[in-house]
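Quick notes on the structure that follows.
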Amino acid sequence: MKLSLLSFQLGKDMNLDKLLEVVTNSGIPGIEFRAELDHKHGVELDTTPAQRAEVRKKCEDAGVSICCIATGCKFQSMEETERQENVDRGKRFVDLAHDVGAPRIRVFGDRFGENDKNTVVHNVGDCLRQLGEHAEGSGVDVCLEMHGDFYNWTYAKGAIEVADHPRVGIVHNCDPREAKDGPVKDSIDQVKGHIRHVHIHDLESGKYPYKEFFAIMKSLGYRGFMSLECRESLDAERVIGLYAALFREMVVSA
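Numbering (this note's numbering), first residue to last: 2 to 255.
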């Protein structure tokens, strides 16, 4: 298991060079760029081919893997036109990921509102299938984050099964609600064959059983990245370094 930094919150005000400096100094081998929020790293859909090549080279030269591009694409709308707009944007992100060397993008379900849950799940799965088909031959996976109402494995797995495409998987998000629903192992067992990436949060918090989670993922043979997504701090560099050290200790002792 390897740690990566999600630029959301802690890294949002750092340009690419600074992000790479911070993660390498902290011994973090990966980075996940949150797009569409005007973060200073600049990894966005409007980047030119030359800029994409530069991002890729800088990360490779620093020995840092771009493990994911986190998009804001979501497929919860009951309006087909709105869902299609998100699918079309997601396709462009697949192309961006391919260009910079990222093996996956993150997308959302996301919330049911007052809508029929089965209909929303089916719509989300259909959108994921379209993105999976676009990603064929690209080496890029399209991963649904267990976020919002889709934190529950029933809905996340349901959408994945509707998509039924080898390029479609799951980002397991360590949501405290999952722990409240019962042993986290029960939830993970339902989606373990689909997990391609992981988001972790405040490791020091007792709201989620991280040591148990790390032990479970070890037993499953998970060797991928886990992206750190924590609260904003005025001393981001120091906090990132502390979390990196805590992650290593918890993983070793799990």
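Even glycine gets a Cβ: it sits at the ideal position worked out from N, Cα and C.
Within the segment 147 to 178, the complete alpha helix (DSSP H) segments of 4 residues or longer fall at 154 to 164, listed in chain order. By a beta-carbon distance limit of 8 Å, ARG197 does not contact CYS128. Their separation comes to about 17 Å. Here LEU221 has LYS193 as same chain residues with Cβ atoms under 7 Å from its own Cβ, once five neighbours each way along the sequence are excluded. Residue pairing from DSSP leaves ARG53 without any beta-bridge partner. Here LYS219 is exposed: its Cβ has fewer than 16 other Cβ atoms, across all protein chains shown, within 10 Å. The beta carbon of SER27 sits closer than 7 Å to those of ILE241, GLY242 and ALA245, all from its chain and outside the five residues before and after it, given in chain order.
Inside the segment 50 to 119, DSSP marks whole alpha helix (DSSP H) runs of 4 or more residues at positions 50 to 63 and 81 to 101, from first to last along the chain. For SER139, there is no enclosing beta strand (DSSP E), as DSSP marks it with neither H nor E. In the structure shown, MET218 adopts helical secondary structure according to DSSP, grouped into three states. Ranking GLN10, PRO104, GLN85 and VAL44 by CA distance to the CA of LEU235 puts GLN10 first. Look at LYS212 here: in three-state DSSP terms it is helix.
Residue pairing by DSSP places SER5 opposite GLY31 and SER228 in a beta bridge. Shown here, LEU247 sits in a helix according to DSSP, grouped into three states. The three-state reading of DSSP puts LEU145 in strand, counting E and B together.
The C-beta separation of GLN131 from VAL88 comes to about 5 Å, placing the pair in contact by the 8 Å criterion. In the DSSP annotation of this structure, the continuous segment of the alpha helix (DSSP H) that includes VAL192 starts and ends at 185 to 192.
Here MET147 is buried, its C-beta having at least 16 other C-beta atoms within 10 Å. Remark: C-beta atoms of LEU6 and GLU33 approach each other more closely than 8 Å.
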